[in-house]
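Under this note's numbering, the first residue of the sequence shown carries the number 36, and numbering increases by one thereafter. Quick reminder that beta carbons are idealized off the backbone N, C-alpha and C, glycines included. Structure first, then comments.
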Amino acid sequence: MAVEASARHILIDNEDICNQVKEQIISGDLDFVEAAEQYSLCPSGDQGGELGTFGKGQMVKEFEDVVFSAPVGEIQGPVQTEFGYHLIEVTSRND
36 MAVEASARHI LIDNEDICNQ VKEQIISGDL DFVEAAEQYS LCPSGDQGGE LGTFGKGQMV
96 KEFEDVVFSA PVGEIQGPVQ TEFGYHLIEV TSRND
């Protein structure tokens, strides 16, 4: 069976702002879904950053490396890709 994961993310074009948003989520001042709706430049922000389920080879390498190695439910980032800076939360993985 192929390894698949579900994740949500927040895409921001500034690393400092990305770090500030991460701190607000970790401190409980902001919920991940609210942060995605408010800050994410990705269309998925409208769905709380939800990307659905995907397998290896479907996302850019830097993003995928985190999704297929990070603990489920723990916010990762900022992770820089060609698109900007991501905060990533793996919501499930079948490994």
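Practice task
Check whether the stretch 76-95 touches the stretch 112-121, taking contact to mean three or more Cβ pairs, one atom from each stretch, closer than 8 Å.
Solution key: yes
Practice task
State the Cα-Cα distance for the pair S104 and G63, rounded to the nearest angstrom.
Solution key: Here residue 104 refers to the residue found at position 69 when the sequence shown is read from its first residue. Here residue 63 refers to the residue found at position 28 when the sequence shown is read from its first residue. Each residue's Cα considered, the two are about 24 Å apart.
Practice task
Determine, using beta carbons only, whether E99 and R43 come nearer to each other than 9 Å.
Solution key: Along the sequence shown, one-based indexing puts residue 99 at 64. Along the sequence shown, one-based indexing puts residue 43 at 8. Against a cut-off of 9 Å, the Cβ pair of R43 and E99 comes out as no contact.
Handout entry: Burial state of I52 (16 or more Cβ within 10 Å)
Key = Translated into the one-based positions of the sequence shown, residue 52 becomes position 17. By the neighbour-count definition (other C-beta atoms within 10 Å, threshold 16), I52 is an exposed residue.
Problem - Member of N49, A71, M36, A37 whose CA lies at the smallest distance from the CA of I110 - result: On the sequence shown, position 75 is the one that residue 110 refers to. Here the closest residue by C-alpha is A71.
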